[in-house]
Amino acid sequence: MTPPTPDTNRPNKHIILIGMMGSGKSAVAKELAHQIGWPCIDTDTAIEQQQGKSISQIFEEHGEPYFRALETQLLRQLSHGSISPHIIATGGGIVITPEHLPLIRELGFVVWLTAPPEVLYIRVAKNTTRPLLNTPDPRATLSTILEERAPLYRATRHLKISTTNLSANEIASGIKESAVVFFSRAFYSEQEC
Ligand code: S3P
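Residue numbering for the sequence shown follows this note's numbering, starting at 1467 and increasing by one per position.
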């Protein structure tokens, strides 16, 4: 069953994936877009395209606060825009800016993809495109970041999925089923008001 396609004018109509680097947001977003038939936006890719620079270059040339401000700008555009329902994959640090939490919740059904730090580390270890992991001990850095952010992911999510032993296909199927319930409830509670 496919989630009811929400009215384009409704604010909370998207499916948003949050979670740490390596939690599988981009892969699951693609799979979900394929299964549901909605287009997909990756906030990192959108920022890279807007700026004409990679995330690493943006961090290097302008610093992290500048990147976070670009995330804010993009979230505001998404929440005020009248785009059709999308699957939105976010950068892992999107939750550290307090202003983002209500903006993300307003966008729609928020799913937190999670995994233990050792699993996340295996997934990101070969990839050097994450500036925050350019430290002498990236494994420890990842654990610390996860510990700091876990309460923020928890406060923002409607649904949490542990991804360790699941394929992108299985995770997407689970999200799809839950989204059916989420969007029908949102729809009916609006009718009652
Ligand atoms: C970041 C995660 C990255 C990217 C940037 C910062 C973070 O996205 O937004 O490097 O703060 O965790 P992914 O979660 O897609 O790797």
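Even glycine gets a Cβ: it sits at the ideal position worked out from N, Cα and C.
- Three-state secondary structure assigned by DSSP to K1491: helix
- Query: So, helix, strand or coil for E1658, using DSSP?
  - Reply: Model confidence at E1658 stands at a pLDDT of 49, short of 50, so the residue's coordinates are unreliable; what they give is reported in the following sentence. Three-state result, E1658: helix.
- Task: Can you tell me which of the three DSSP states I1507 falls into?
- Result: strand
- Task: Give the single residue among Q1517, K1642, R1542, K1626 whose Cα lies nearest to the Cα of L1567.
- Result: R1542
- Message: Our contact map puts I1562 next to L1618 with C-beta atoms below 8 Å; I'd like the distance itself, whole angstroms only.
- Response: Here I1562 really is in contact with L1618; their C-beta atoms are around 7 Å apart, less than 8 Å.
- Message: Tell me whether the region 1477–1497 and the region 1568–1580 touch, counting them as touching only if at least three CB pairs, one residue from each stretch, are closer than 8 Å.
- Response: Touching, yes, given that three or more Cβ pairs across the two stretches are closer than 8 Å.
- Query: What first and last residue would you give for the alpha helix (DSSP H) that runs through I1524?
  - Reply: 1521–1528
- Residues near A1621 in its chain [Cβ-Cβ closer than 7 Å; skip 5 each side]: L1567
- Query: By DSSP, does T1580 sit in helix, in strand, or in coil?
  - Reply: strand
- Count the C-beta pairs between the region 1632–1643 and the region 1601–1615 that are closer than 8 Å, then say yes if the count reaches three, no if not. no
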